[in-house]
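Protein chains in written order, with our numbering: chain R, 1 to 224; chain D, 225 to 462; chain P, 463 to 926.
The C-beta atom is built at its ideal place from N, Cα and C for all residues, glycine as well.
Below is one structure, written out as structure tokens, with a few remarks after it.
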Amino acid sequence: MSERENILARIREALVIPAPKPVLKDKAVAEPLEDGYAAFLPAAGNTFEAQQKQFKLNAVDLKADFHLLEDASEAAVTLAKIRDSEGWKKIATHRGALTLAVCDALGLAPLIVDDTFDKNALETCDAGITECDALVAQTGSVLVTSRSAGGRALSVLPPHHIVLARRDQMVPDLPAAFALVKRKYGADFPSMISFITGPSRTGDIERILVLGAHGPKKLTILCY
Amino acid sequence: MKISLFIPCFIDLCFPKVGISMVRILEKLGHEVECPEAPACCGQPAFNTGYWDESRDTAIKVIEQYKDAEVVVIASGSCGAMMNVFYPELFAQTRHAEAAKAMAAKCFEFSSFLVNRLGVSDLGARFPARVTFHDGCHGLRELKIKREPRVLMEKVKGLELVEMDAAEVCCGFGGTFSAKFPMISTAMGEVKCDSALKTDAEYIVSNDSSCLMHIQGLLDRRGSKLKTIHLAEILAQS
Amino acid sequence: MNAIAQQFKDQATRMTRDLHHRELIQTALGKYAVKRDEKIALFQDWQGARQRASEIKWNAVNHLDEYLVEFTKKLEARGTVVHWAGTAAQARGIITGIVKEKKARLVIKSKSMTSEEIHLNEALEKEGVEVVESDLGEFIVQLRHEAPYHIVFPAMHLTRGDISELFSRELKSAPTDSPEELTIIARRVLRQKYVKADVGITGANFAIAETGMISITENEGNARLTAALPRVMITLIGLEKVLPKLEDLALFLPMLATVGAAQAISGYNTLYGGPRQEGEADGPEEFHVVLLDNQRVAFLADAEQRDALHCIRCGACLNVCPVYRNVGGHAYGTTYCGPIGAVITPHLRGLKDWKHLSYASSLCGACTEGCPVKINLHHHLLQTRRNSGSENPVWWQKIAFKLFAPVANVRFFWAMATRLGRVGQRFHPLVKGTRLDPARAWTKTRETPKLAPQSFKEWWRQRK
Chain R
1 MSERENILAR IREALVIPAP KPVLKDKAVA EPLEDGYAAF LPAAGNTFEA
51 QQKQFKLNAV DLKADFHLLE DASEAAVTLA KIRDSEGWKK IATHRGALTL
101 AVCDALGLAP LIVDDTFDKN ALETCDAGIT ECDALVAQTG SVLVTSRSAG
151 GRALSVLPPH HIVLARRDQM VPDLPAAFAL VKRKYGADFP SMISFITGPS
201 RTGDIERILV LGAHGPKKLT ILCY
Chain D
225 MKISLFIPCF IDLCFPKVGI SMVRILEKLG HEVECPEAPA CCGQPAFNTG
275 YWDESRDTAI KVIEQYKDAE VVVIASGSCG AMMNVFYPEL FAQTRHAEAA
325 KAMAAKCFEF SSFLVNRLGV SDLGARFPAR VTFHDGCHGL RELKIKREPR
375 VLMEKVKGLE LVEMDAAEVC CGFGGTFSAK FPMISTAMGE VKCDSALKTD
425 AEYIVSNDSS CLMHIQGLLD RRGSKLKTIH LAEILAQS
Chain P
463 MNAIAQQFKD QATRMTRDLH HRELIQTALG KYAVKRDEKI ALFQDWQGAR
513 QRASEIKWNA VNHLDEYLVE FTKKLEARGT VVHWAGTAAQ ARGIITGIVK
563 EKKARLVIKS KSMTSEEIHL NEALEKEGVE VVESDLGEFI VQLRHEAPYH
613 IVFPAMHLTR GDISELFSRE LKSAPTDSPE ELTIIARRVL RQKYVKADVG
663 ITGANFAIAE TGMISITENE GNARLTAALP RVMITLIGLE KVLPKLEDLA
713 LFLPMLATVG AAQAISGYNT LYGGPRQEGE ADGPEEFHVV LLDNQRVAFL
763 ADAEQRDALH CIRCGACLNV CPVYRNVGGH AYGTTYCGPI GAVITPHLRG
813 LKDWKHLSYA SSLCGACTEG CPVKINLHHH LLQTRRNSGS ENPVWWQKIA
863 FKLFAPVANV RFFWAMATRL GRVGQRFHPL VKGTRLDPAR AWTKTRETPK
913 LAPQSFKEWW RQRK
């Protein structure tokens, strides 16, 4: 008998004795749950205005920069300012509807991760520019996948992560985000799905917050 | 109403004033109070140490003694929790299961009894002092008592209540825990005492004498002027 | 008392005497409590969330075989290799086997308490493999050759001064008292390791049955890098960590962050469902998931305490436990500390050796109150005491309690005991504080209460 069969058999035997079901002692809980737990979670707005406001509040609280812009040209201008103030020499990106246009405008030949690339080369880039699947208002999170954001390392290795998002990608909360993932990918999920909320951080030293532990020290989101 | 009191061992021997205060308060409200002489222990020490057979030997006497009582009022959150919450568990799947459940249903901790069962909050009491309240864990978390002592204290003339930061943090008594792991018990008690001292209160009040016994023991060792007093004693003063 | 229990007592004595350490922990956890309550207040219905979370976990654990089969099937369908490890030794064998087969020289790890549980690092190092912990807290305690102090904050017991000295000694860096500079020092060292590592080993917080994915929660991004750069990725996960559906994470991720770290949500919450796919820019070529039993299935059979397997390893119970706050994590002497550790360790490592942790509690119930999935922690401690009382009774205690029943509940004997107590009280000052003092455990630090001149029962009798 394989270890798998052994373990499963012992689990089934153990579960013959039922465990007491959780007793509702404290408070009546609303049934049913078609809205997927949204009723318990922090409230999310239901208009774009309310959502982007909430997203911005959350993002700022988490030390991420959020810019609500009119169009791609404004985005390019904003990025050019960042390029200059941070002195970018090398950037990396993936092939996407928004990314290449913006990188063209910056005048820096980017490392394109869709073509075979050297990890060491990516490690020395100043910024990684990606698209995303959604912006989650409730938490201030960016939803990326290995398919929509140029793989796994691009959004986490360079010290500054730039996210290009469309206005129609704003969703109210996590339940909506998971529903989106299921709708968009069906049963053919990308190998990685990630919710990024703020830049990399640690509280491991005296529980004091420090940014840029291993992942990006800065996260900038351009929404247009 | 005929009210039966359960007076646990430590109150009987060391803090009889608590029981006496309860009798005076309930009689003043016009009720008949009775206190069977025999049972002095609810069985919690044996239960908490893991000797449930021996605990049952003690507890069954209590259940039998009070089987005809209308209500049983207890001056302690921990004994109250033992009877109200743990008796059904202790006697589950024994022939006394129903009797244990019936007992649990009529047991009340004192402050909860006054406020929730009798609907009384003003006892005409007077206690001009600055006090802080320690929420005994069994009363707080097993019996959900938080509001009731404060409702009663609000009506006491001259009493000023200042809440301490660590009001809901365990004082460290825990029954036999205090002797089995005295260093941890003491450290926890020190946190409680320090928090109380910060309020500049003259008294630490609680609805559980076993907690107060441990806290007072630490305060006396320090030579502190801070005193402990049971809620019932305050409510009986006029 | 056995050696392990005695060691706990000795450690507890040492730690409670260390006032500086107590102050450090109380301050840190006091600040956490304030922030945690702010985040809880953001929920529209926190108690409802706890109730729902406990029901989801009850469903998951009580149908564990079905969900594990579904989880495995979905993972294997997309190219993951799933291994089943009945024991810690088997898990170590599987992982070192993969590492050796790949001829790996350098392994980078993200935080995994489960890997601590099975002592994985030692096993890999014995094979001549360099193992580097990437989580900053784990990196720090690894350099100190120490176990993690807390299941979420491994280096909570250290000051920046301690860490600066450590880095100067081990990494030859310049001393600094800035947490930011210390973090940069670690970052510089670790970034090279990520790029050079052959194998990345991670833990996981949840196993999603519906979609065949593991879920990793972190703030630093070190797990993201561990799962992105090396060509082989191995995830070790306790087999009880199943969640039925993908959207269950919408509830669990905010709850985990709220009570675990007093955050609304953690920095990176990532799902992994397989190795690098066709068309993806990067990612490991191989992905292995190792499901660990190591006494969890035996625990499952204890239906009364089965809900302890609902644990999501958030650390909330540690943070509120007054015992933990005064003795710290190392005193427990085992991988899982705090209330959850006291509950599960007798099951994972034996009742006889580890029952003392159940007694080292005042049963205050703060743990149960704080648990996001409503595990009945303090009642389980009572049940373990009962199991211990019937399996390994301490005879003199048993007899004492047997004799106590008639003394306490028969009027005559109680009156006698009262009188004897008064006599004893007169002689007590003679032995107080000495070896002969029967109340020495109490009198060492506290004054004893005085027996009243007239007991309540005596007053009552007189009245009539």
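(1) Report the partner residues of D/Arg354 according to the DSSP bridge assignment.
(2) Exposed or buried, which one is D/Glu457 when buried takes at least 16 other CB atoms within 10 Å?
(3) Using a Cβ cut-off of 7 Å, pull out every chain P residue sitting near R/Lys21, in sequence order please.
(4) Taking only the alpha-carbon atoms, compute the straight-line gap between D/Phe234 and D/Lys325 and give it to the nearest angstrom.
(5) Can you name the residues of chain P whose CB is closer than 7 Å to the CB of R/Thr99?
(6) On the DSSP bridge list, what partners appear for R/Ser141?
(7) So the beta strand (DSSP E) P/Leu568 belongs to, where does it begin and stop?
(8) Taking CB distances under 9 Å as the criterion, tell me whether P/Ile806 reaches chain R.
(9) Bridge partners of P/Trp546, per DSSP?
(10) Looking at the structure shown, is D/Arg248 part of a helix, part of a strand, or coil, going by DSSP?
(11) Residues of chain R with a CB under 7 Å from the CB of P/Pro737: which are they?
(12) Going by the DSSP bridge assignment, what does P/Ala626 pair with across the sheet?
(13) D/Val393 touches chain P at which residues, Cβ-Cβ below 7 Å?
(14) Inspect the CB distances between the stretch 430-440 of chain D and the stretch 884-897 of chain P and report whether three or more fall short of 8 Å.
(15) Using a cut-off of 9 Å between C-beta atoms, extract the partners of R/Asn46 located in chain P.
(16) Rounded to the nearest angstrom, what separates R/Pro32 and P/Ile602 at their Cα positions?
(17) Tell me which residues share the same chain as R/Glu70 and place their Cβ nearer than 6 Å to its Cβ, disregarding the 5 neighbours each side in the sequence.
(18) Determine whether the Cβ of P/Trp921 lies closer than 9 Å to any Cβ atom of chain D.
(19) Start and end of the beta strand (DSSP E) containing D/Phe332?
(20) Should P/Asn464 be labelled buried (16 or more other beta-carbon atoms within 10 Å of its own) or exposed?
(21) With 9 Å as the threshold, decide whether the Cβ of R/Val210 is near any Cβ in chain P.
(22) Write down every uninterrupted run of the beta strand (DSSP E) in the stretch 742-798 of chain P whose length is 3 residues or greater and which is fully enclosed by it, in chain order.
(23) Check whether the stretch 276-293 of chain D touches the stretch 414-424 of chain D, taking contact to mean three or more Cβ pairs, one atom from each stretch, closer than 8 Å.
(24) Pull up the DSSP beta-bridge partners for R/Ile193, would you.
(25) Grouping DSSP H, G and I as helix and E and B as strand, with all else coil, what is R/Met1?
(26) Measuring alpha carbon to alpha carbon, tell me which residue in P/Ala666, P/Thr664, P/Leu691 and P/Leu652 is nearest R/Gly212.
(27) Does R/Ser141 have its Cβ less than 9 Å from a Cβ in chain P?
(28) Pairing CB atoms from the stretch 353-363 of chain D with CB atoms from the stretch 382-402 of chain D, are three or more of them under 8 Å?
(29) Listing by chain order, which chain C residues have their CB less than 8 Å from the CB of R/Phe178?
(30) I'd like the list of long-range same chain contacts for P/Tyr821, defined as Cβ closer than 6 Å, with 5 residues on each side in sequence excluded.
(31) What residue ranges within the stretch 489-549 of chain P form continuous beta strand (DSSP E) runs of no fewer than 3 residues, ordered along the chain?
(32) Locate the beta strand (DSSP E) running through P/Lys565, then write down its first and last residues.
(33) Report all residues from its chain with a CB closer than 6 Å to the CB of D/Leu250; omit the five preceding and five following residues, and keep chain order.
(34) Starting from D/Ile439, trace the alpha helix (DSSP H) in both directions and tell me its first and last residue.
(35) Taking only the alpha-carbon atoms, compute the straight-line gap between P/Glu702 and P/Thr645 and give it to the nearest angstrom.
(36) Determine, using beta carbons only, whether R/Ile205 and P/Leu620 come nearer to each other than 9 Å.
Reading it off the structure:
(1) D/Glu384
(2) buried
(3) Trp520
(4) 25 Å
(5) Within 7 Å Cβ-Cβ: nothing; R/Thr99 doesn't reach chain P, min ~12 Å.
(6) R/Val136
(7) Leu568 to Lys571
(8) no
(9) P/Leu753
(10) helix
(11) Ser191
(12) Residue 626 of chain P is actually Ser in this sequence, not Ala. P/Ser626 pairs with nothing; no bridge assigned.
(13) Pro784
(14) no
(15) What R/Asn46 touches in chain P: nothing, since even the nearest Cβ is about 14 Å away.
(16) Residue placement at R/Pro32 is poorly supported in this model, since its pLDDT is 43, which falls under 50; the coordinates are not used for a value here.
(17) none
(18) yes
(19) Cys331 to Glu333
(20) exposed
(21) yes
(22) 748-754
(23) no
(24) R/Thr145 and P/Leu733
(25) coil
(26) P/Leu652
(27) yes
(28) yes
(29) No chain C is part of this structure, whose protein chains are labelled R, D and P.
(30) none
(31) 543-547
(32) No beta strand (DSSP E) contains P/Lys565, which DSSP labels as neither H nor E.
(33) Ile227 and Val257
(34) Ser433 to Arg446
(35) 34 Å
(36) yes
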